[in-house]
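Asker: First residue of the sequence shown? That's 3 in our numbering, and the numbers climb one at a time after it.
Note that CB positions come from ideal geometry on N, CA and C, so glycine has one too.
Sharing a structure below in structure tokens format, with a few things to ask.
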Amino acid sequence: MSTRTDSKVEVVPVSDDDAYEMFDQVTREQMGIPAAEFLARWDAGEFEGIDFDSVPGLVEVWMYLPFVR
């Protein structure tokens, strides 16, 4: 059974500054660190080869990476 909706989806562009601010908020809420620290640790390979579920908040932060990379 399908449901018909008449709602419209609006795509709103996000500036680079807004995207970084959003990413920073997520890294602070989920991992307790600022975005700059997370990105430095990510770039250094700290999270390579580990189970993302073993690090609290990492999956949630990882999902936001495309906003800043």
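(1) State buried or exposed for Leu41, treating a residue as buried only when at least 16 other CB atoms are found within 10 Å of its CB.
(2) Using 8 Å as the threshold, is the region 6–14 in touch with the region 47–54, meaning 3 or more CB pairs across them?
(3) Please state the DSSP three-state secondary structure of Arg71.
(4) By the three-class DSSP mapping on this structure, what secondary structure does Asp8 have?
(5) If you run the structure through DSSP and keep just helix, strand and coil, what is Ala21?
Answerer: This is what the structure gives:
(1) Leu41 comes out buried.
(2) No, because fewer than three Cβ pairs between the region 6–14 and the region 47–54 fall closer than 8 Å, the two stretches do not touch.
(3) Coil.
(4) coil
(5) helix
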